[in-house]
Amino acid sequence: MTGTFIAGYWAELVRRTLQHVVMVAAATMLATVIGLVLGISISGHERAARWVIGIASVLFTIPSLALFALLVVALAPIGQGTGNVPAVTALTLYSILPIVRNTWVALRQVDPSMVQVAQGMGMTSRQALLRVKLPLGLPMIMAGIRHAAVMDVGMGTIATLIGGGGLGYFVFEGIARADRSMVLAGTIVIALLGLGVNAALLEAENRLVPGRHYGRRRARD
Amino acid sequence: MPVIELREVTKRYGDKTAVDRLTLTIPDHAVTILLGPSGCGKTTTLKMINRLIEPTSGDIRIDGRSIAAMEPIALRRSIGYVIQETGLFPHYTVEGNIGVVPRLLGWDRKRIRARAEELLELVNLKAVEYLDRYPNELSGGERQRVGVARALAADPGILLMDEPFGAIDPINRRSLQDFFLGLQSDLHRTVVFVTHDIGEAVKLGDNIAIMRDGHLVQMDATHELLEHPADAFVTELLGATRSAEQLLLSRAARYVDTAFVVMSTEQMRRGGGSSGNAPLIVLRDGDTIKGYVEQGQLVTCDDPDEAICAFETVSGNGTLLEVVRTLLESGRKRAIVVDPDGGVLGTLSVPMIVRIMEGGLQ
Amino acid sequence: MSAFRYLAQNWPEVGAKLSQHLSMVGAAVLVSLVSGLVLGILFTRPGLKQVGQALVGITGAAQAIPSIAVIALIFAYTGIGARTAIIALSIYGIVPILFNVVSALLLVPAEMLEAAMGVGMTPVQVLLHVELPLAAQSIVTGLRTTVTLDISTATVASVVGAGGLGDIIFVGLSVVRPDMIVAGTLLVAGLAILSDAGLALVQRNVVSRGLVHTP
Numbered sequence: 454m455t456g457t458f459i460a461g462y463w464a465e466l467v468r469r470t471l472q473h474v475v476m477v478a479a480a481t482m483l484a485t486v487i488g489l490v491l492g493i494s495i496s497g498h499e500r501a502a503r504w505v506i507g508i509a510s511v512l513f514t515i516p517s518l519a520l521f522a523l524l525v526v527a528l529a530p531i532g533q534g535t536g537n538v539p540a541v542t543a544l545t546l547y548s549i550l551p552i553v554r555n556t557w558v559a560l561r562q563v564d565p566s567m568v569q570v571a572q573g574m575g576m577t578s579r580q581a582l583l584r585v586k587l588p589l590g591l592p593m594i595m596a597g598i599r600h601a602a603v604m605d606v607g608m609g610t611i612a613t614l615i616g617g618g619g620l621g622y623f624v625f626e627g628i629a630r631a632d633r634s635m636v637l638a639g640t641i642v643i644a645l646l647g648l649g650v651n652a653a654l655l656e657a658e659n660r661l662v663p664g665r666h667y668g669r670r671r672a673r674d
Numbered sequence: 012m013p014v015i016e017l018r019e020v021t022k023r024y025g026d027k028t029a030v031d032r033l034t035l036t037i038p039d040h041a042v043t044i045l046l047g048p049s050g051c052g053k054t055t056t057l058k059m060i061n062r063l064i065e066p067t068s069g070d071i072r073i074d075g076r077s078i079a080a081m082e083p084i085a086l087r088r089s090i091g092y093v094i095q096e097t098g099l100f101p102h103y104t105v106e107g108n109i110g111v112v113p114r115l116l117g118w119d120r121k122r123i124r125a126r127a128e129e130l131l132e133l134v135n136l137k138a139v140e141y142l143d144r145y146p147n148e149l150s151g152g153e154r155q156r157v158g159v160a161r162a163l164a165a166d167p168g169i170l171l172m173d174e175p176f177g178a179i180d181p182i183n184r185r186s187l188q189d190f191f192l193g194l195q196s197d198l199h200r201t202v203v204f205v206t207h208d209i210g211e212a213v214k215l216g217d218n219i220a221i222m223r224d225g226h227l228v229q230m231d232a233t234h235e236l237l238e239h240p241a242d243a244f245v246t247e248l249l250g251a252t253r254s255a256e257q258l259l260l261s262r263a264a265r266y267v268d269t270a271f272v273v274m275s276t277e278q279m280r281r282g283g284g285s286s287g288n289a290p291l292i293v294l295r296d297g298d299t300i301k302g303y304v305e306q307g308q309l310v311t312c313d314d315p316d317e318a319i320c321a322f323e324t325v326s327g328n329g330t331l332l333e334v335v336r337t338l339l340e341s342g343r344k345r346a347i348v349v350d351p352d353g354g355v356l357g358t359l360s361v362p363m364i365v366r367i368m369e370g371g372l373q
Numbered sequence: 002m003s004a005f006r007y008l009a010q011n012w013p014e015v016g017a018k019l020s021q022h023l024s025m026v027g028a029a030v031l032v033s034l035v036s037g038l039v040l041g042i043l044f045t046r047p048g049l050k051q052v053g054q055a056l057v058g059i060t061g062a063a064q065a066i067p068s069i070a071v072i073a074l075i076f077a078y079t080g081i082g083a084r085t086a087i088i089a090l091s092i093y094g095i096v097p098i099l100f101n102v103v104s105a106l107l108l109v110p111a112e113m114l115e116a117a118m119g120v121g122m123t124p125v126q127v128l129l130h131v132e133l134p135l136a137a138q139s140i141v142t143g144l145r146t147t148v149t150l151d152i153s154t155a156t157v158a159s160v161v162g163a164g165g166l167g168d169i170i171f172v173g174l175s176v177v178r179p180d181m182i183v184a185g186t187l188l189v190a191g192l193a194i195l196s197d198a199g200l201a202l203v204q205r206n207v208v209s210r211g212l213v214h215t216p
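Residue numbers (the numbering used here), protein chains in the order written: chain A, 454 to 674; chain B, 12 to 373; chain C, 2 to 216.
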């Protein structure tokens, strides 16, 4: 039954999967830029950090449907009340917390003697950040980005309720029509997309982490 | 107080034999060290005594009763167990940690608190200051003292100690060892102490059992063992110990010259002349040691007070090295060695220590 | 301000939605917590630790499956109603709790367990007095994730006829009533933030001060 549905709606499934991926990618990238900038600028400022992370945590706690709906109301005056703009905005807001928190923690955890060595070699603090701290903190920052992207895949389904695109259509429309195969088709694709994004970013994490390759090579020697 | 007997005890893991037909009698009221290279089976042996590990065959008896017939939980509650600092529970305060076994035994709160205070006193930590602290608020040495206090909480006759000072830096380790010796000279527990540090073994042990590949190689009183190593393995293991530097780490109390008499200054002035041939005289008025008089000195002096020599006191738990250092720094000729209660154990001088070393190194 | 007017004028109905929401989430959290704890403790006992290790991997990956997918999946079999939502939330909510319980219990150092046995604790006492207190921080973190997730997912569960505060938002969206949207949003967001803050307080109280690392 579900198989027949997938065959019949193949083109639609592909189109909406692509929409979903674009929406999630856009939100994750925006959040990565914002999260990195915020995370770097609050590092070393204990009080500012507490505020930024506190606010991001509260945003993160707000149920997804509530935040989407709130943005519908908030963005209506500029004519963007429905569609992809409030959807991507909501996903971006959610994604900031994991990224900013992990960036902050990652920079904090870097061994201070590493930074001293860098400064001792004549690096400016900007160079020390770019060449030492960020590379060393990369695994943790990547984990934050992965967490955000995986979450966005799930929350992206809500977009359809406020007139955005994506795979949520099959789930909610399927429920409304009491069409089990439509629901299942959407659900399976969403679950696979979530697992796939997680696995892909985990693999990227493993490849980007300095030293892991080195370790592997040494182990083989 | 209990004697621990191991008879033909064997522990096998698959085809690897960790302990092989070990027969050993651990005497009561004394510190017995299990010493050997890593993997020799010493820790396995220790853990079989409180049944954290069950032997494959053989019998272990405490006071003649086989522990295989005892309830393991009750057995463990009756034995103090000290391990490296990870053994303190991080989520309990010092009081909570000391009170673990008493709580398991169902003591009431007041009694546990009183016991905790008493024990902290015993390990030289101020109760008011430490009772409510958590392990992460203590230094390594303080944690180890609390660990010992916890092991003593239910007043066990036996203490099992598994490299308890292994994770402590050398300077603090030395002071913990001194602290432990002082405690043991008050409490006289039956202690089984695992270490791979030969200096520690010689300093703390009344007896040393040397193990290798799961076998007992030699078990003897410490000085016996140093003087008469059973075979080449022991000689090699103790090689460093038998060298001058290591011998100097032996406890002073073990080597003191005990030929002396104690009298008050008053007694000496009155009857001094008649004791012309008496051995060395230690002068003590009440609790205060005033000095000493070398053998025969009184005869040659008109005024008995001129014969009184200045001195240094050292603890009997200190090492010979500390005695030498004290004497060389102060320029005094003789040290009076005292026990923790202030009792005079005897005296030591640098030439005497040199003679001891000559004897020990032969 | 019109949102507050809406709340005041429709309080009996809004209150009923709120209590639906709370009982839905409450029932699901209870089921998830009990089963997560029982399974987590079971699969970290000696002999079953390998199963526990595998569970860490499985539950870690399972968290990548969106909650809405689980609701939809259950809906396909149980149809319209609060029952669907409660079953879905219960199952989905086990995942973060189980993940945290198992990984925290597996992280308790072996020497600590040996010390506990060495002083004469029974296996049950070791669990109650050593393992669970050491894992408390992580267990409550898992519970917080589940509660936040359940409150959020229960809102969306309105679409399967589960009731709850989601109804207010959905009606508001479909008839374009900003006052209803904002009112529903404020309630559900407030509920999530308050319960998380409450659990943070619980966490501070159940976790021993000796385990809190002061930087």
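From the three backbone atoms N, C-alpha and C, an ideal C-beta is built for every residue, glycine too.
Being a predicted model, the structure only gives us computed values, none of them experimental.
Which residues in the same chain as residue i place their Cβ atom closer than 8 angstroms to its Cβ, once the five residues preceding and following it in sequence are excluded?
i	result
GLN572/A	SER578 and ALA581
CYS51/B	MET222, ARG223, ASP224 and GLY225
ILE169/B	PRO13, ILE15, ILE60, ILE73, SER89, ILE90, GLY91, ARG200, THR201, VAL202 and VAL203
ARG145/C	ASP197, LEU200, ALA201 and GLN204
GLY151/B	GLU96, ALA178, ILE179, ASP180 and ASN183
Assign residue i to buried or exposed, taking buried as 16 or more other Cβ atoms, counted over all protein chains shown, within 10 Å of its Cβ.
i	result
ASP197/C	buried
ALA137/C	buried
ARG76/B	exposed
ILE508/A	exposed
ALA248/C	Outside the displayed range of chain C (2 to 216) lies residue 248/C, so it cannot be described from this structure.
MET476/A	buried
LEU187/B	buried
By the three-class DSSP mapping on this structure, what secondary structure does residue i have?
i	result
THR206/B	strand
ARG337/B	Position check: residue 337/B holds Thr in this sequence, whereas Arg was assumed. It is helical.
ASN537/A	helix
THR104/B	coil
ARG32/B	strand
ARG670/A	Confidence is the limiting factor: at ARG670/A the pLDDT is only 36, short of 50, which leaves the residue's position unreliable and the question unanswerable from this model.
GLU188/B	Note that residue 188/B is Gln in the sequence shown, not Glu. If DSSP states are grouped into helix, strand and coil, GLN188/B belongs with the helices.
MET81/B	coil
LYS27/B	strand
GLN95/B	coil
PRO216/C	Legend: pLDDT at PRO216/C = 40, less than 50; position of this residue unreliable, value from coordinates given subsequently. Correct three-state label for PRO216/C: coil.
GLN373/B	Bear in mind that the predicted position of GLN373/B carries a pLDDT of just 49, short of 50, making it unreliable; the figure below should be weighed with that in mind. In this structure, GLN373/B counts as coil in the three-state DSSP scheme.
Just reading off the alpha helix (DSSP H) that residue i is part of, what are its end residues?
i	result
SER36/C	12-43
LYS22/B	First-last for LYS22/B: 15-24, but that is the beta strand (DSSP E), not the alpha helix (DSSP H).
LYS58/B	53-60
THR60/C	50-63
ILE578/A	First, the residue type needs correcting, since residue 578/A is Ser and not Ile in the sequence shown. Looking at the DSSP string, the run of the alpha helix (DSSP H) that includes SER578/A is 578-581.
GLN204/C	179-207
SER510/A	499-514
LYS586/A	That residue, LYS586/A, is in no alpha helix (DSSP H); it is neither H nor E in DSSP.
TYR622/A	621-629
LYS382/B	The shown model of chain B, from 12 to 373, leaves out residue 382/B, and the question about it has no answer.
SER634/A	633-661
Given residue i, which residues of its chain have a CB within under 7 angstroms of its CB, disregarding the five upstream and five downstream residues?
i	result
GLY668/A	Low confidence applies to GLY668/A: its pLDDT is 37, below 50, so where it sits in the model is not reliable, and the reading given next is rough at best. Here the set comprises nothing.
LEU40/C	LEU99
HIS666/A	Bear in mind that a pLDDT of 45 at HIS666/A, under 50, signals an unreliable position, so the number given afterwards is only what the model happens to contain. Excluding positions up to five away in sequence, the list is empty.
Check the Cβ of residue i against every Cβ in chain F and list those closer than 9 angstroms, keeping chain order.
i	result
GLY48/C	Absent here is chain F; the protein component of the structure consists of chains A, B and C.
Just to confirm the assignment, what range does the beta strand (DSSP E) spanning residue i have?
i	result
THR123/C	That residue, THR123/C, is in no beta strand (DSSP E); it is neither H nor E in DSSP.
SER360/B	355-360
ASN218/B	218-223
SER68/B	68-73
So, for residue i: in the same chain, excluding its five sequence neighbours on each side, which residues have a beta-carbon less than 6 angstroms away from its beta-carbon?
i	result
PHE5/C	none
Near-chain B residues of the segment 106-118 of chain C (beta-carbon distance less than 9 angstroms), N- to C-terminal order: PRO110, GLU112, MET113, GLU115, ALA116, ALA117 and MET118
Positions along the segment 99-129 of chain B whose CB lies within less than 9 angstroms of some CB in chain C: LEU99, PHE100, PRO101, HIS102, TYR103, THR104, GLY107, VAL111, VAL112, ARG114, LEU115 and LEU116
The segment 608-636 of chain A: positions lying closer than 9 angstroms to chain C by Cβ: MET608, GLY609, THR610, ILE611, LEU614, ILE615, GLY621, PHE623, VAL624, PHE625, GLY627, ILE628, ALA629, ALA631, ARG633, SER634 and VAL636
Members of the segment 502-526 of chain A that neighbour chain C once the beta carbon cut-off is set at 7 angstroms: VAL511, THR514, ILE515, PRO516, SER517, LEU518, ALA519, ALA522, LEU523, VAL525 and VAL526
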